[in-house]
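Peer 1:
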Amino acid sequence: MTPRNPYRTLSGTSRLAGVMGWPVSHSKSPRLHGYWLAKYGIDGCYMPLPVEPENFQAALISLRNLGFSGVNVTIPQKEMAMPECDELSDRARRIGAVNTVTFSKDGRMWGDNTDGYGFIENLRQEAPDIAFASGPAVVLGAGGACRAVLVALLDEGSPEIRLANRTRKRAEDLAKEINDPRIKVVDWPLAPEAVAGASLVVNTTSLGMVGQPKLEIDLAGLPQTALVTDIVYAPLMTDLLLQAKERGNPIVDGLGMLLHQARPGFHRWFGIDPEVTQELRDFVLSPD
Ligand code: ATR
57 MTPRNPYRTL SGTSRLAGVM GWPVSHSKSP RLHGYWLAKY GIDGCYMPLP
107 VEPENFQAAL ISLRNLGFSG VNVTIPQKEM AMPECDELSD RARRIGAVNT
157 VTFSKDGRMW GDNTDGYGFI ENLRQEAPDI AFASGPAVVL GAGGACRAVL
207 VALLDEGSPE IRLANRTRKR AEDLAKEIND PRIKVVDWPL APEAVAGASL
257 VVNTTSLGMV GQPKLEIDLA GLPQTALVTD IVYAPLMTDL LLQAKERGNP
307 IVDGLGMLLH QARPGFHRWF GIDPEVTQEL RDFVLSPD
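Shown next as structure tokens:
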């Protein structure tokens with residue numbers, strides 16, 4: 057059958073979305089959403105939107121006025137988006153940042169944060185037997201990415217989260233803000249002891265990323281059944297994951313978190329909850 061629109065041109069009723077950031081050229085979101093738009097044959101477009109921080113507010117309002125369905129917001133604008141939204145999801149409020157904005161027909165802006173959702177969904181897909189409530193989690197880091205992971209793990213019923221960050225004060229401030237007694241701050245050098253009896257270890261630091269130092273942690277005390285995951289996905293196999301795999305622990309890489317966090321936005325803007333598949337992973341990672 058001949059496709060009705062073989063050139064995939066936009067129509068007058070195309071749904072529009074994109075990703076705002078500064079810079080935004082590194083973002084994989086246009087490739088990711090573009091893949092899903094083509095796969096599901098949707099009359100829509102998802103574009104990179106480079107917006108300098110000082111123009112953020114005006115740009116967001118303009119996108120709404122231009123009839124966009126919504127936008128993703130990336131660093132450094134995730135915190136800036138919060139006060140612009142008329143309504144926030146509970147998780148966005150608790151995480152303290154917005155990565156997905158949806159414009160409603162009446163012009164209201166609804167802010168959500170899907171990073172923690174992406175983190176959990178990735179683990180569920182890659183390690184279907186995972187039981188977040190079954191034992192303590194060790195979380196390394198206390199930066200922006202960590203907040204979403206903490207909130208999500210608490211929501212999944214994690215009984216205890218041992219939080220270790222190089223700058224202890226930052227971990228303490230974060231624990232205080234989230235204000236849940238299940239978060240226990242531990243000294244960074246004591247992380248090897250904190251992994252004893254844990255069922256999950258998560259790296260949320262930038263260590264192990266291309267161009268950054270390695271994450272060096274002794275995993276000798278970690279039960280072999282514990283799942284080890286990294287939110288770094290460049291490289292896909294970080295030293296932490298390699299070390300964990302060598303000693304027989306199950307591992308999950310960080311790419312899926314990026315792919316799954318995009319699903320709620322795509323669903324709201326384009327009407328389909330899209331699938332995360334191996335083909336999508338390969339496509340997002342391929343250089344062309
Ligand atoms: P993001 O918002 O992406 O999480 P970030 O706020 O810069 O980025 O946080 C980076 C995380 O990596 C922090 O937890 C940071 O620790 P500090 O709070 O002590 O800075 C951690 N990190 C970065 N370089 C590190 C290093 N060389 N050793 C240990 N932790 C490091």
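So in the working numbering the end of the sequence shown lands on 344, straight run, no missing numbers.
Backbone N, C-alpha and C define an ideal beta-carbon position, used for all residues, glycine too.
#1: Whether or not the segment 126–144 and the segment 260–280 are in contact is what I'm after, with contact meaning three or more pairs of Cβ atoms, one per stretch, closer than 8 angstroms; do they touch?
#2: Three-state secondary structure (DSSP) at ASN121?
#3: On the CB-based measure, 16 or more other CB atoms within 10 Å of its CB, does GLN317 come out buried or exposed?
#4: Would you mind working out which of LYS161, THR170 and GLY264 sits nearest ARG319, comparing C-alpha positions?
#5: Kindly indicate which residue of VAL195, LEU122 and GLU108 has the alpha-carbon position closest to the one of THR69.
#6: For ASP168, which residues in the same chain have their Cβ closer than 6 angstroms to its Cβ, ignoring the five residues on either side in sequence?
#7: Give the DSSP-derived three-state secondary structure of LEU367 in the structure shown.
#8: Would you grab the beta carbon distance between LYS134 and VAL154 for me? Rounded to a whole angstrom, and I think it's under 8 angstroms.
#9: Compute the Euclidean distance between the alpha carbons of ASP99 and VAL332, then round it to the nearest angstrom.
#10: Check whether the Cβ of LYS240 lies closer than 6 angstroms to any heavy atom of the ligand NAP, and answer yes or no.
#11: For LEU66, count neighbouring Cβ atoms within 10 angstroms of its own Cβ and tell me buried if that reaches 16, exposed if not.
#12: Tell me TYR96's beta-bridge partners as DSSP assigns them.
#13: Rank LEU314, GLU335 and PHE326 by C-alpha distance to the C-alpha of GLY174 and give the top, closest one.
#14: Using CA coordinates, which residue listed in ILE151, SER160, ARG180 and ARG238 is at the minimum distance from ILE207?
#15: Within the same chain, show all residues whose beta-carbon is closer than 7 angstroms to that of GLN299, passing over the 5 residues directly before and after it, in chain order.
#16: So if DSSP puts ASP243 in a beta bridge, which residue, or which two residues, is it bridged to?
#17: Exposed or buried, what is GLU177 when buried is set at 16 or more other beta-carbons lying within 10 Å of its beta-carbon?
#18: In its own chain, which residues sit with a C-beta less than 6 angstroms from the C-beta of LEU93, not counting the 5 before and 5 after it?
#19: Would DSSP call CYS202 helix, strand or coil?
#20: When DSSP labels each residue in this structure, what does ARG60 get in the three-state scheme?
Peer 2: Well, looking at it:
#1: With contact defined as three or more Cβ pairs closer than 8 angstroms, the segment 260–280 and the segment 126–144 are not in contact.
#2: helix
#3: buried
#4: THR170
#5: LEU122
#6: SER145, ALA148 and THR156
#7: Any question about residue 367 goes unanswered here, given that the chain covers just 57 to 344.
#8: 6 angstroms
#9: 20 angstroms
#10: In the structure on display, the ligand NAP does not appear, and the ligands it does have are the ligand ATR.
#11: With fewer than 16 other Cβ atoms from the protein chains shown falling within 10 Å of its own Cβ, LEU66 counts as exposed.
#12: Answer is none; TYR96 lacks a bridge partner.
#13: The option with the nearest alpha carbon to GLY174 is LEU314.
#14: It should be noted that the sequence gives Val, not Ile, for residue 207. Minimum Cα distance to VAL207 is reached at ILE151.
#15: LEU275
#16: In the DSSP output, where bridge partners are listed per residue, ASP243 has ASN221.
#17: buried
#18: Once the five neighbours on either side are set aside, the close Cβ partners of LEU93 are GLY100.
#19: helix
#20: coil
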